[in-house]
Amino acid sequence: MLPDEKIIETKTCRHCGASFDITDKDLEFYEKISPIFPNPVVSFSTPGLKQAFPPREKGVEENIPLNGGGTKWGVLSLGNGKIKYLIPSPTLCPNCREQRRRSLRNERNLYKRKCDFSGKDIISIYSPDKPYKVYDQEIWWSDKWEATDYGKEFDFSKSFFEQFDILLKQVPLMNLCGQSNEDCDYTFDCNFSKNCYMSVIVDDGENVLYSNRVFSRSKDVIDSYYVFNQSSLIYDSSYINNCYNMKHCFSCKNSKSLILCNFCENCEECIGSKNLSGKKYYIFNKEYSKEDYLEIKKQFDFKNFKEKADKLFLSLPIKSNTFTNCENCQGGDLTGCKNCYYGFNGEDSKNIKYSAYFTEANDCYDCEDNCYNINLNYECQTVIKNNNKVLFSTFMMEGNDECFYCNALIGCHNCFGCAGLKNKSYCILNKQYTKSEYEALVPKIIEHMMTPPKFPSIEGESGAIVKQGEQEWGEFFPSSLSPFGYNETIAQEYFPINTPPIPHPFPKKEKGNNSCLFSFSLGGKDAGKADRGTFNWSTYEAPFPKVEKIIPANKLPENIADIPDDILNWAIECEVTKKPFRIIKEELTFYRKHNLPIPRRHPDQRHLDRMSLRNPRHLYTRNCNKCGKKIQTTYAPERPEIVYCEECYNSEIY
Numbered sequence: 010m011l012p013d014e015k016i017i018e019t020k021t022c023r024h025c026g027a028s029f030d031i032t033d034k035d036l037e038f039y040e041k042i043s044p045i046f047p048n049p050v051v052s053f054s055t056p057g058l059k060q061a062f063p064p065r066e067k068g069v070e071e072n073i074p075l076n077g078g079g080t081k082w083g084v085l086s087l088g089n090g091k092i093k094y095l096i097p098s099p100t101l102c103p104n105c106r107e108q109r110r111r112s113l114r115n116e117r118n119l120y121k122r123k124c125d126f127s128g129k130d131i132i133s134i135y136s137p138d139k140p141y142k143v144y145d146q147e148i149w150w151s152d153k154w155e156a157t158d159y160g161k162e163f164d165f166s167k168s169f170f171e172q173f174d175i176l177l178k179q180v181p182l183m184n185l186c187g188q189s190n191e192d193c194d195y196t197f198d199c200n201f202s203k204n205c206y207m208s209v210i211v212d213d214g215e216n217v218l219y220s221n222r223v224f225s226r227s228k229d230v231i232d233s234y235y236v237f238n239q240s241s242l243i244y245d246s247s248y249i250n251n252c253y254n255m256k257h258c259f260s261c262k263n264s265k266s267l268i269l270c271n272f273c274e275n276c277e278e279c280i281g282s283k284n285l286s287g288k289k290y291y292i293f294n295k296e297y298s299k300e301d302y303l304e305i306k307k308q309f310d311f312k313n314f315k316e317k318a319d320k321l322f323l324s325l326p327i328k329s330n331t332f333t334n335c336e337n338c339q340g341g342d343l344t345g346c347k348n349c350y351y352g353f354n355g356e357d358s359k360n361i362k363y364s365a366y367f368t369e370a371n372d373c374y375d376c377e378d379n380c381y382n383i384n385l386n387y388e389c390q391t392v393i394k395n396n397n398k399v400l401f402s403t404f405m406m407e408g409n410d411e412c413f414y415c416n417a418l419i420g421c422h423n424c425f426g427c428a429g430l431k432n433k434s435y436c437i438l439n440k441q442y443t444k445s446e447y448e449a450l451v452p453k454i455i456e457h458m459m460t461p462p463k464f465p466s467i468e469g470e471s472g473a474i475v476k477q478g479e480q481e482w483g484e485f486f487p488s489s490l491s492p493f494g495y496n497e498t499i500a501q502e503y504f505p506i507n508t509p510p511i512p513h514p515f516p517k518k519e520k521g522n523n524s525c526l527f528s529f530s531l532g533g534k535d536a537g538k539a540d541r542g543t544f545n546w547s548t549y550e551a552p553f554p555k556v557e558k559i560i561p562a563n564k565l566p567e568n569i570a571d572i573p574d575d576i577l578n579w580a581i582e583c584e585v586t587k588k589p590f591r592i593i594k595e596e597l598t599f600y601r602k603h604n605l606p607i608p609r610r611h612p613d614q615r616h617l618d619r620m621s622l623r624n625p626r627h628l629y630t631r632n633c634n635k636c637g638k639k640i641q642t643t644y645a646p647e648r649p650e651i652v653y654c655e656e657c658y659n660s661e662i663y
């Protein structure tokens, strides 16, 4: 927690059993975002509740009577003809909340299927075996269909999540996300870009292949992550800002012609170096003459140079956190932020907790992915632009306000449990209501969601969506509502199943297994039963295109000059996973032009290799290796790196 917070309660995660704290600032936030509705003259008596609610008095926190007896705190009278439905503190720890949200987003798995409107072949993030209706983007955005045609009356004999699951399977979904592109069919969330392939989240990019998060007029980028600010000719690199001609680099800015360099800025022509600023002709952090440098560069051998660079890098300090112009922040990769805790990859934001990939965000908790100019949002997965007070929702496009438990809305206001709406207001389960009808019915639904069911609402291969004794209000969509298998989603990247668990950053206070992650053996008949009732598993395998032959990666010539043109008709067997992959013409041209070898690994494996270079999104307490003071960092104490606090690092490097 941040220094100005006070712990009010320590809770136990109902999913993994880890302990986590609720602070006074947390409770203030949950009340601040809680929805407000007119106070009815006569309190609602929801079907299933044993009695009506008592009269509401100003400042009184009331109790909701439960089906099985007892009460649940949850309503606050404001004394001005309004009542506030309080959002309860979380029942899951921050990691499990993030895992649940990320299990609803697939961004890297693309499939061929039919458009359910036109019947034509399309590329989609939804595999053809999914029980969802999928439209091509052009059709989805057109006026050829209307989302309110799928509207439903709320059924108080069923849980909300059960009814939303039915709605989501009926309202058409968009096959991909992107706009104003040229030759970018095999991409997701690609906008205003040209000639991109198998890439995710690209804005104003050109010639981007097998990359993730490429922004602001960057071009000629292959196998890279987080490249921005007009960078170009970037290969196998991550966190690259305003750079040119970079290969195998990490966290560099304002530099050009670097190879195997980490944490360098304003540098040129350097190899295998770290923590340099304003340097030229350096190899392994040692300066050379231009002539000697160029002679050694001719002898560059990736394997040998990388081994030397890795050994050197472990002997040099690294900064505990990558902050720029931040105040009172804990997390990683933050710029211009204030009062951020567990914030990662954020810019120009304040009062943020447990969030990632946000820009100009204010007063938001538990949000990630493309969060731009958002305010008072909570428990959201992908809220793209100008979303205000959007709660428990996913893939919310531009300009939504006061929307709860929704999916894929744009320009909507005051909607509850809706999907696929455009420029609508006062809708519930896609059914249109008047303002007064909406304000009367939504509180009734919330009170219904506050009442835990006596029995599971859905049973089957994926288990119950709502388990006995668990209320829905205040909880994000369960993972069992995801239209994807867990192994298709980005949750598998951050919280991998079928791999050894990593230590949990919010450990239990008692002895035992402190892991928030899971380890399962999946496959065959048991696939789809991982953590029954929580995660689905996809077993769909797309047919592989016909090729002339499959060649093992270790049989490929090392020298790109020895690669024939007809490799474009082959498949290469990944040296790690044995999964076959193909080379396309554009990348072969790039490899030849820059004298790079043909990759030996499948694009998915190369992506995982890049992701493994990032620090985990956990904070650990350890001591600065120079001055000894306690620091919060993403580097676990048992890791081999030499970690300095910001003051010690800056004094040594600059």
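Residue 10 is where the sequence shown starts when you use this note's numbering, and the numbers rise one by one after that. Note that the Cβ used here is the ideal one computed from N, Cα and C, for glycine as well.
When secondary structure is reduced to three states using DSSP, residue 245 falls in the coil class, being assigned neither helix nor strand.
Contact check for residue 623 against residue 365 fails: the beta carbons are separated by 8 Å or more. According to the DSSP secondary-structure assignment, residue 352 is paired through a beta bridge with 340 and 364. For residue 36, the enclosing alpha helix (DSSP H) has its first and last residue at 33-42.
By the CB criterion at 8 Å, residue 589 and residue 581 fall inside the cutoff.
By the beta-carbon neighbour count (other beta carbons within 10 angstroms, threshold 16), residue 480 is buried. With respect to residue 43, residue 11 sits apart: the two C-beta atoms are not nearer than 8 Å. Taking C-beta atoms under 8 Å as the contact rule, residue 250 and residue 262 qualify, at a distance of about 4 Å. By the 16-neighbour rule on beta-carbons within 10 angstroms, residue 188 is exposed.
Given a length threshold of 4 residues, each whole run of the alpha helix (DSSP H) inside the region 166-240 is given here in chain order: 169-179. Under the 10 Å beta carbon count, residue 153 is surrounded by fewer than 16 other beta carbons and is classified as exposed.
Between residue 612 and residue 219 a beta carbon distance of about 5 Å is seen, short of the 8 Å cut, so the two are scored as contacting. Cα atoms of residue 655 and residue 288: separation of roughly 21 Å, rounded to the nearest angstrom. Under the DSSP definition of a beta bridge, residue 457 lacks any partner. Counting only unbroken stretches of 3 or more residues, the beta strand (DSSP E) elements lying wholly within the region 374-427 are 387-392, 396-405, 409-413 and 422-425, in sequence order. Burial of residue 104 is indicated by the presence of at least 16 other C-beta atoms within 10 angstroms of its C-beta.
For residue 567, no beta strand (DSSP E) encloses it, and the DSSP letter there is neither H nor E. DSSP lists no bridge partner for residue 156. DSSP places residue 122 in the uninterrupted beta strand (DSSP E) bounded by 120-123. Beyond the five residues adjoining it in sequence on each side, residue 317 comes within less than 8 Å, by CB distance, of 281 and 293 in the same chain, given in chain order. For residue 335, the secondary structure class from DSSP, reduced to helix, strand or coil, is coil. Across the set 380, 177 and 488, the C-alpha of 177 shows the shortest separation from the C-alpha of residue 439. When the alpha-carbon of residue 545 is set against those of 133, 490 and 618, the nearest one is in 490.
Excluding its 5 nearest sequence neighbours in each direction, residue 302 has C-beta neighbours in its own chain below 7 Å: 278, 290 and 292, listed in chain order.
Residue 548 has its alpha-carbon roughly 32 Å from the corresponding atom of residue 400. Classified as exposed, residue 604 has fewer than 16 neighbouring CB atoms from the shown chains inside 10 Å of its CB.
Annotation for residue 406: 393 and 419 place their beta carbon closer than 6 Å to its own, counting only its chain and skipping 5 residues before and after. Collapsing the DSSP output to three states places residue 278 in a strand. Taking C-beta atoms under 8 Å as the contact rule, residue 181 and residue 125 qualify, at a distance of about 7 Å. Within the same chain, Cβ atoms closer than 8 Å to the Cβ of residue 557 are found at 575, 578 and 579, the five residues on either side in sequence being excluded.
For residue 617, the uninterrupted alpha helix (DSSP H) segment begins and ends at 612-620. Annotation for residue 485: no alpha helix (DSSP H) segment contains it, and DSSP assigns it neither H nor E. Straight-line spacing of the CA atoms in residue 554 and residue 618 works out to 25 Å. With respect to residue 635, residue 653 sits close: the two C-beta atoms are nearer than 8 Å. With respect to residue 114, residue 368 sits apart: the two C-beta atoms are not nearer than 8 Å.
The criterion of a C-beta distance shorter than 8 Å is satisfied by residue 116 and residue 197.
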